[in-house]
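Novice: Please find one structure pasted underneath; my questions will follow.
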């Protein structure tokens, strides 16, 4: 209780400190600079008393349920149909008012575009820390051409800013092409495309990153959607060579732990956005993610314009 009472004061102070600073960063910034500075801002939202030991320890290969505060950037997109909200596709909170998503989750379907997002929960049925916020605008990347899978990335602008706290906090954007690690974490509720099925509890799985050859070998027959093969500059492939099967969310994030110098922090970097793959991905069959670093300038120009 004490921490919760103190935290809004900390957030207000940092908002004041960074408000003028952010405006100066936006003016004339090179691609990636704004993302790095905003990441430093979001790090200030992590209370000193916050214990993120689960984030820094070695993760085991295999599916396991996430802790309540482990992935505060996770978002579920909601679609309204016949006076009901239909939850499908995951996404990632990357600022106080913008969500990073897959473009294929944002194009009109039988029930329209996403109209609401849910944040702040690991279990979708929880209500204590939940934030449901209406969508103001959906912004698929201008070069995304359905049914092709290239440039499968987009943004969702919310009607109002989220309340930043331990349970809801933006992730950082990874700005470098080379990821610099052999493993990354996929988190989600198993909300694949629009089949209406998902787990209430958020799950995580550690995935291995695949090279271009290994990924193209899997998807060389996907000619109608992948006409140029895997584009390593704009795509990341990740999977597991163990006996584990997993169900990556459409639009969900592929993440690594953010580092400040050599030090691990209590926040994630988003390196990829889940684009396509098998609905239930077996061993040694990677899923394909849109490479976030390839779209940094477009993201920054939209979110922090």
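In mature numbering (1 follows the signal peptide of the UniProt record, and there is no 0), the protein residues as written are -28 to -1, 1 to 277.
Yeah, the Cβ is synthetic: ideal placement off N, Cα and C, and Gly gets one too.
(1) Strictly by DSSP, which residues pair up with residue 236?
(2) Please report the distance separating the alpha-carbon of residue 109 from that of residue 231.
(3) Is the distance from the Cβ of residue 145 to the Cβ of residue 70 below 8 angstroms?
(4) Apart from the five residues on each side of it in sequence, which residues of its chain come closer than 7 angstroms, Cβ to Cβ, to residue 112?
(5) Measuring alpha carbon to alpha carbon, tell me which of 95, 243, 100 ends up nearest residue 137.
(6) Is the beta carbon of residue 154 sitting closer than 8 angstroms to the one on residue 180?
(7) Determine the direct distance from the alpha carbon of residue 118 to that of residue 196, and round the result to whole angstroms.
(8) How many Å lie between residue 208 and residue 16 at the Cα?
(9) Determine the direct distance from the alpha carbon of residue 182 to that of residue -13, and round the result to whole angstroms.
(10) Going by DSSP, what residue range makes up the beta strand (DSSP E) through residue 104?
(11) Quick one: using the 10 Å Cβ neighbour count with 16 as the cut-off for buried, is residue 258 buried or exposed?
(12) My understanding is that residue 141 touches residue 19, with C-beta atoms under 8 angstroms, so please give their C-beta distance in whole angstroms.
(13) Does the pairing of the region 36 to 51 with the region 169 to 178 give three or more beta-carbon distances under 8 angstroms?
Specialist: On the basis of the supplied data:
(1) The count along the chain shown starts at 1 and reaches residue 236 at position 264. Bridge partners of residue 236: 231.
(2) Residue 109 sits at position 137 when you count from the first residue of the chain shown. Residue 231 sits at position 259 when you count from the first residue of the chain shown. Each residue's alpha carbon lies about 32 angstroms from the other.
(3) On the chain shown, position 173 is the one that residue 145 refers to. On the chain shown, position 98 is the one that residue 70 refers to. Contact annotation: residue 145 and residue 70 have beta-carbon atoms that are not nearer than 8 angstroms.
(4) Taking the first residue of the chain shown as position 1, residue 112 is located at position 140. 75, 78, 79, 126.
(5) As a working note, residue 137 is residue 165 in the chain shown. Comparing alpha-carbon positions, the option among 95, 243, 100 lying closest to residue 137 turns out to be 100.
(6) If you number the chain shown from 1, residue 154 lands on position 182. If you number the chain shown from 1, residue 180 lands on position 208. A Cβ-Cβ contact shorter than 8 angstroms links residue 154 with residue 180.
(7) Counting from one through the chain shown, the residue named residue 196 turns up at place 224. Counting from one through the chain shown, the residue named residue 118 turns up at place 146. Approximately 11 angstroms between the Cα atoms of the pair.
(8) Counted from its first residue, the chain shown places residue 208 at position 236. Counted from its first residue, the chain shown places residue 16 at position 44. Answer to the nearest angstrom: the Cα atoms are 29 angstroms apart.
(9) Against the chain shown, residue -13 aligns to sequence position 16. Against the chain shown, residue 182 aligns to sequence position 210. Residue placement at residue -13 is poorly supported in this model, since its pLDDT is 41, which falls under 50; the coordinates still yield a value, given next. Residue -13 and residue 182: Cα-Cα distance of roughly 43 angstroms.
(10) By one-based count along the chain shown, residue 104 stands at place 132. Counting along the chain, residue 104 sits inside the beta strand (DSSP E) bounded by residues 103 to 112.
(11) Numbered from its first residue, the chain shown carries residue 258 at position 286. Classification of residue 258: buried, given that the 10 Å Cβ count is 16 or more.
(12) If you number the chain shown from 1, residue 141 lands on position 169. If you number the chain shown from 1, residue 19 lands on position 47. Between the beta-carbon of residue 141 and that of residue 19 there is about 10 angstroms, and that puts the pair past the 8 angstroms contact cut.
(13) Touching, per the Cβ criterion.
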